[in-house]
Amino acid sequence: MSADKQQYDLVCSLGGNCAAAFQLQCRGKRLFSLPFDWCYVENERPLEYLPEGFADGFKNLALKENLKRVDGNKDHPVIYQDCYSGYFFPNHFKEDAEKEYDGFYKKLRRRTERLLDKIRNARRVLFIFSALIPFDVSRFERLSEKLSQLYPAVHFDFKLISFGCPAEEELTVGNITLSRCVRQQNFYDFYKTNYEWAFLDNVALPSKSHEQITLLSVRAFGKRFRLNFEIKRNDQD
């Protein structure tokens, strides 16, 4: 590993839009599914919610009574907003939340519990948030303070990207770096090439196997044996 690589035990998208999850995925650094990978925001309400969510284990995230269907589009015909947290879920329902909610919520709970478990077992964590709106870095200062209270043994860093801003600006406040971009998000924010995402090339994760190998059967052929294995990647759902 290069000496200038920044080592983290966990890199996690906090949503905003889907670009961060895509950028991690195309670099082979999205090793498992987490709750906010494919969620987007339209205002700062989710940033107000996150300290509460981490503190209470996300117990109020996307409860059925708080989901509201909003207008979809060609790529995402079925979109629901969680009116409590403010997050939008554009890829999570095929037709109707009324029929599909139980499966959706079980999967979401697996992902929130996985996130909290990964943090508990980490020493260094990097959170990424990118959005199509200007937002105040103070929101993340409060989140960082809450996380440090909850997990005093863990070091947290934040890399934030805000598109559609009045001026270009790079702002660093302690462990938080905010890149404000005048340009709007484009196709290349999802496929590795835009320079705003180059910081991920300097992020290193532990070289641990995320594959589970299961021996299914053993068959004897004289003095030789045939072993039948199944290989699954862990934590993908």
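Letter 26 of the sequence shown, counting from 1, is numbered 228 in our numbering, and no numbers are missing.
The C-beta atom is built at its ideal place from N, Cα and C for all residues, glycine as well.
This structure is a prediction, so every number in the text was calculated from the model and none was measured.
Taken in chain order, the complete alpha helix (DSSP H) segments of 4 or more residues contained in the segment 243 to 287 are 247 to 258. By the criterion of a C-beta distance shorter than 7 Å, H278 is surrounded in its chain by P292 and N293, once the five residues flanking it on both sides are discounted.
In this chain, A324 is not harboured by any alpha helix (DSSP H), its DSSP state being neither H nor E. Around the C-beta of Q283, 16 or more other C-beta atoms lie within 10 Å, and the residue is accordingly described as buried. Taking C-beta separations shorter than 7 Å and ignoring five residues to either side along the sequence, the partners of N396 in its chain run Y390, following chain order. Looking at the backbone, the Cα of V327 and that of K266 are separated by about 30 Å. Residues S346, H357, F358, D359 and F360 of the same chain have their beta carbon placed closer than 8 Å to that of N377, with the five preceding and five following residues left out of the count.
Within the model, the alpha-carbon separation for L317 versus D211 is close to 12 Å. If the five residues before and after L252 are omitted, its C-beta is found closer than 6 Å to the C-beta atoms of L345, all from its own chain and listed in chain order.
Distance from the CA atom of K296 to the CA atom of D304, rounded to whole angstroms, is 13 Å.
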